[in-house]
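A.B. asks:
Number of protein chains: 2
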Amino acid sequence: MQDFFISPLPAGLASWVEAFPKAKITDAINTTKIKTDNAIVFWLHMNADRQEWLSNTIALIQQSYTQAKIVVLANSPNQAEALHALSLGAVAYSHAYSPAHVLGEIKTVISHGGVWMGQDLLKRLIEVSSSLAGNQAQQINSHLSLLTSREKQVAIEAAKGLSNKEIARILAITERTVKAHLSSSFERLGAKDRLHLALMLNKKP
Amino acid sequence: MQDFFISPLPAGLASWVEAFPKAKITDAINTTKIKTDNAIVFWLHMNADRQEWLSNTIALIQQSYTQAKIVVLANSPNQAEALHALSLGAVAYSHAYSPAHVLGEIKTVISHGGVWMGQDLLKRLIEVSSSLAGNQAQQINSHLSLLTSREKQVAIEAAKGLSNKEIARILAITERTVKAHLSSSFERLGAKDRLHLALMLNKKP
DNA sequence: AGCTATGTTGTCCTTCAGGCCAATATATTT
DNA sequence: AAATATATTGGCCTGAAGGACAACATAGCT
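Chains as they are written, first to last, in the working numbering: chain A, 103 to 307; chain B, 103 to 307.
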């Protein structure tokens with residue numbers, strides 16, 4: 103397992119050396135390939151004004167070492183940069199001045215296939231990407247007034263996505279009866295099947 | 103370091119025991135607090151129909167054990183459910199039938215502060231987030247962003263109430279292909295059938 | 001060059017939905 | 001009393017839906 107720190111600082115930072123005394127620190131990727139059968143970790147030291155350098159370097163690493171793990175160490179971490187780094191293929195993003203023990207943690211995590219990022223970033227990723235949370239039904243509208251009371255109950259359950267069998271169980275009647283109420287509801291409402299019925303009842307006019 | 107598997111299966115799964123012979127397997131969270139100075143990992147075995155249980159259980163855990171790590175093991179993993187689990191506070195999401203060595207990896211990763219999720223999911227999270235970061239114009243149905251372009255088209259038609267045959271005619275593909283896209287969409291979104299899919303896509307937050 | 005994601009299509013099979021043929025009981029209205 | 005509406009259930013049948021196996025092509029990334 104080898105560690106390469108790529109940084110404009112010739113000696114790197116103290117915590118890096120403390121965490122990985124045997125790591126190599128250079129200011130650029132060496133064009134001559136490192137030959138090793140072990141996993142490699144590249145620690146890329148990132149300045150705010152080196153966006154392009156980061157893209158190029160990561161691309162270069164991925165070309166030459168398909169199995170290598172890439173960590174981006176940022177001088178001034180921010181979510182946008184983190185997103186960018188992760189989207190380029192980095193598996194970890196952290197502060198360049200992280201203490202040695204954190205660097206060790208990061209290495210452990212990524213070596214085992216995990217991803218390292220700040221909790222707030224993960225949270226934001228998820229917030230942006232998901233808005234699902236609850237699957238509660240929303241309000242149900244006026245079509246229902248066209249149905250008898252029993253039909254209403256059945257139709258409401260059907261509109262939530264329940265199967266006939268489930269509805270039967272809930273209402274303590276046979277599946278056959280559920281079908282009867284549903285067929286009747288379809289006719290009254292002009293729905294061609296339960297999906298249309300669900301769409302009608304879940305619309306909000 | 104203690105592991106608690108919460109599963110409806112009294113004996114859990116063989117791979118769990120193989121990975122953590124000393125773990126405890128129960129069917130519900132014990133109300134009596136476990137006293138330990140060590141880190142705790144809760145492995146929550148998730149059924150598709152236990153969404154609410156998951157929310158409640160995670161909330162309970164977080165109340166009682168602020169430092170505990172939570173892993174969600176899904177019977178049928180899907181991206182939507184993974185998002186949900188992670189947004190609730192889980193730090194890992196994987197298949198319930200993951201082999202023992204994978205469970206070990208997961209534990210290593212989360213014990214050191216990492217996050218474990220499928221690379222597909224991470225990739226998509228980042229894609230969605232970074233694209234939304236640039237032009238946050240539309241808050242389209244976020245569910246759709248989990249689908250590929252072709253899946254989107256099929257899912258949208260299905261959500262209108264069209265049959266597979268009708269969708270096939272519209273998109274000029276065979277009914278079989280429509281089914282394939284739909285099945286894939288179900289899996290990605292965690293919908294159990296086209297009705298659930300329709301409800302998800304027709305809901306507006 | 002190999003791997004992964006995507007798109008396309010195949011067959012077989014099981015389950016479910018919904019229609020069509022009923023019947024019976026109860027309550028309300030005419 | 002007769003008619004009507006509602007609630008319940010039965011069996012049978014067809015077609016659609018969806019899963020379980022797939023296979024193959026293409027494109028992009030590694």
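Built from N, CA and C at the ideal position, the CB exists for glycine as well.
Taking 9 Å as the CB-CB limit, is methionine 219 of chain B close to chain A?
C.D. replies: Taking Cβ atoms only, chain A reaches closer than 9 Å to methionine 219 of chain B, which makes this a yes.
A.B. asks: How would you list, in chain order, the residues of chain B whose beta-carbon sits under 7 Å from the beta-carbon of leucine 301 of chain A?
C.D. replies: Those are Gly263, Ala300, Asn304, listed as they occur along chain B.
A.B. asks: Using the beta-carbon of each residue, which ones in chain B are nearer than 7 Å to glutamate 207 of chain A?
C.D. replies: What glutamate 207 of chain A touches in chain B: His214, Gly215.
A.B. asks: Could you give the C-beta distance for leucine 156 of chain B and valine 173 of chain B, rounded to a whole number, given that I count them as a contact under 8 Å?
C.D. replies: Not a contact, Cβ separation roughly 12 Å.
A.B. asks: Taking valine 211 of chain A as the query, report the chain B residues whose CB atoms sit under 7 Å from its CB, ordered along the chain.
C.D. replies: In chain order: Val211, His214, Gly215, Gly216.
A.B. asks: In three-state DSSP terms, what is histidine 203 of chain A?
C.D. replies: In the structure shown, histidine 203 of chain A sits in a helix (DSSP, three-state: H, G or I).
A.B. asks: Are there three or more Cβ pairs, one per stretch, closer than 8 Å when the segment 254-269 of chain A is compared with the segment 249-256 of chain B?
C.D. replies: No contact exists between the segment 254-269 of chain A and the segment 249-256 of chain B.
A.B. asks: At a CB-CB cut-off below 7 Å, which residues of chain B make contact with leucine 297 of chain A?
C.D. replies: Residues of chain B passing the Cβ test: Gly263, Arg296, Leu297, Ala300.
A.B. asks: Could you work out which residue in B:Ala270, B:Ala194, B:Glu183 is closest to histidine 245 of chain B when comparing CA atoms only?
C.D. replies: It is B:Glu183.
A.B. asks: Determine the DSSP secondary structure at glutamine 104 of chain A, reduced to helix, strand or coil.
C.D. replies: Strand, per DSSP.
A.B. asks: Is isoleucine 127 of chain B helix, strand or coil when you go by DSSP?
C.D. replies: Here isoleucine 127 of chain B sits in strand by DSSP.
A.B. asks: Sort B:Ser166, B:Ile131, B:Gly114 by Cα distance to lysine 124 of chain B and report the nearest one.
C.D. replies: The shortest C-alpha separation from lysine 124 of chain B is found at B:Gly114.
A.B. asks: Buried or exposed: which applies to serine 200 of chain B, given that a residue is buried once 16 or more other Cβ atoms fall within 10 Å of its Cβ?
C.D. replies: Looking at its Cβ environment, which holds 16 or more other Cβ atoms inside 10 Å, serine 200 of chain B is buried.
A.B. asks: Would you tell me roughly how many angstroms separate the C-alpha atoms of leucine 284 of chain A and asparagine 266 of chain A, rounded to the nearest one?
C.D. replies: Their backbone Cα atoms lie some 9 Å apart in a straight line.
A.B. asks: Which of the three DSSP states is assigned to methionine 302 of chain B in this structure?
C.D. replies: Three-state result, methionine 302 of chain B: helix.
A.B. asks: Measure the C-alpha to C-alpha separation of glutamate 154 of chain B and phenylalanine 122 of chain B and round it to an integer number of angstroms.
C.D. replies: One C-alpha to the other measures close to 27 Å.
A.B. asks: Excluding the 5 residues flanking tryptophan 118 of chain A on each side, which residues of the same chain have their C-beta closer than 6 Å to its C-beta?
C.D. replies: Contacts found: Phe107.
A.B. asks: Please list, in chain order, all residues of the same chain as glutamate 259 of chain A whose beta carbon is under 7 Å from its beta carbon, the five residues on each side excluded.
C.D. replies: So the list reads Ile269, Ile272, once near-sequence residues are dropped.
A.B. asks: Bridge partners for valine 173 of chain A per DSSP, in chain order?
C.D. replies: A:Trp145, A:Ala194, per the DSSP bridge assignment.
A.B. asks: Among all the DSSP beta bridges, which residues are the ones paired with valine 217 of chain A?
C.D. replies: Note: valine 217 of chain A sits in a beta bridge opposite B:Val217.
A.B. asks: Check for me: the alpha helix (DSSP H) holding histidine 283 of chain A runs from which residue to which?
C.D. replies: Here the alpha helix (DSSP H) through histidine 283 of chain A covers 277-291.
A.B. asks: Measuring CA to CA, which of B:Val204, B:Leu299, B:Gly191, B:Ala116 is closest to glutamine 165 of chain B?
C.D. replies: The residue with the shortest Cα to Cα distance from glutamine 165 of chain B is B:Gly191.
A.B. asks: Would you report the Cα separation of histidine 203 of chain A and alanine 161 of chain B, rounded to the nearest angstrom?
C.D. replies: Cα-Cα distance, rounded: 30 Å.
A.B. asks: Can the beta-carbon of arginine 296 of chain B be found closer than 9 Å to that of leucine 303 of chain A?
C.D. replies: Cβ atoms of arginine 296 of chain B and leucine 303 of chain A: not closer than 9 Å.
A.B. asks: With 16 other CB atoms within 10 Å as the buried threshold, where does threonine 159 of chain A fall?
C.D. replies: It counts as buried.
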